[in-house]
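In full-length UniProt numbering, the protein residues as written are 1 to 160.
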C-alpha cells in the first residue's frame with residue numbers, strides 16, 4: 001500500500017540543518033501520523049512521501065517555501081512585553097510565544113525595552129535549506145470518520 005490521498009501515514013523523521021547537524025527528531029518516540037492529501041503536513045514532506053510504502057527510508061531537502069516558508073524581511077513588529085509568553089526576563093535572540101487571531105505563534109525577540117519589544121514573526125527555521133531524513137512506518141486506509149474530520153485519529157494523530 002502506498003501513500004496517497006485519504007490514507008493515514010505514520011513516519012519518523014530527523015531534521016538536519018545546512019551543516020548536517022540534527023535540529024530535532026522524533027526517533028525513540030511515537031511516529032507522526034497524518035491524513036495524506038488534507039493539508040495536514042508540510043507540502044514538501046507530503047510530496048516526498050507520496051507513493052512511498054511502509055519501510056521506505058529516504059532524505060529530502062524541499063524548498064523553504066514548502067516547509068517553514070520563505071523568510072520575510074518586513075516581518076518585525078513592536079508589541080507590549082506583557083504579550084510575550086515563555087520567560088520572565090527577555091533578551092534579544094530568545095524565542096517567545098504570542099497569541100494571534102490564528103492561535104499561538106512562535107516568534108523571536110529582536111530587541112527589548114522596559115515595556116515594548118521588537119519581535120520577528122518569521123518561523124525560526126524559515127528560509128533555511130533543511131534536510132528531512134524520513135522513515136515511513138506504516139500506511140493504511142483512512143476511516144470514513146477520519147476523512148470527514150480531515151485528520152487521522154489514534155496514536156500519533158488527533159485524539160478526540
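We treat Cβ as the ideally placed atom computed from N, Cα and C, and that holds for glycine.
Just so it is clear, the structure is predicted and the values come from calculations on it, not from any experiment.
message: So for residue 83, helix, strand or coil by DSSP?
response: Correct three-state label for residue 83: helix.
query: Nearest CA to the CA of residue 47: which residue from 132, 105, 152 and 16?
result: The candidate whose alpha carbon is nearest that of residue 47 is 132.
- prompt: What do you reckon, are the CB atoms on residue 2 and residue 57 nearer than 8 Å?
  reply: No.
query: Where do the N-terminal and C-terminal ends of the alpha helix (DSSP H) with residue 146 fall, by residue?
result: From DSSP, the alpha helix (DSSP H) with residue 146 extends over 144-149.
Distance CB(residue 110)-CB(residue 76) smaller than 8 Å: Yes. Within cutoff.
- prompt: What three-state label does DSSP hand residue 162 in the structure shown?
  reply: Residue 162 lies beyond the stretch modelled for the chain, which goes from 1 to 160, so this question has no answer here.
- request: If I'm right that residue 60 touches residue 83 with Cβ under 8 Å, what's the distance once you round it to whole angstroms?
  value: Actually they do not touch by this definition, with Cβ atoms about 36 Å apart.
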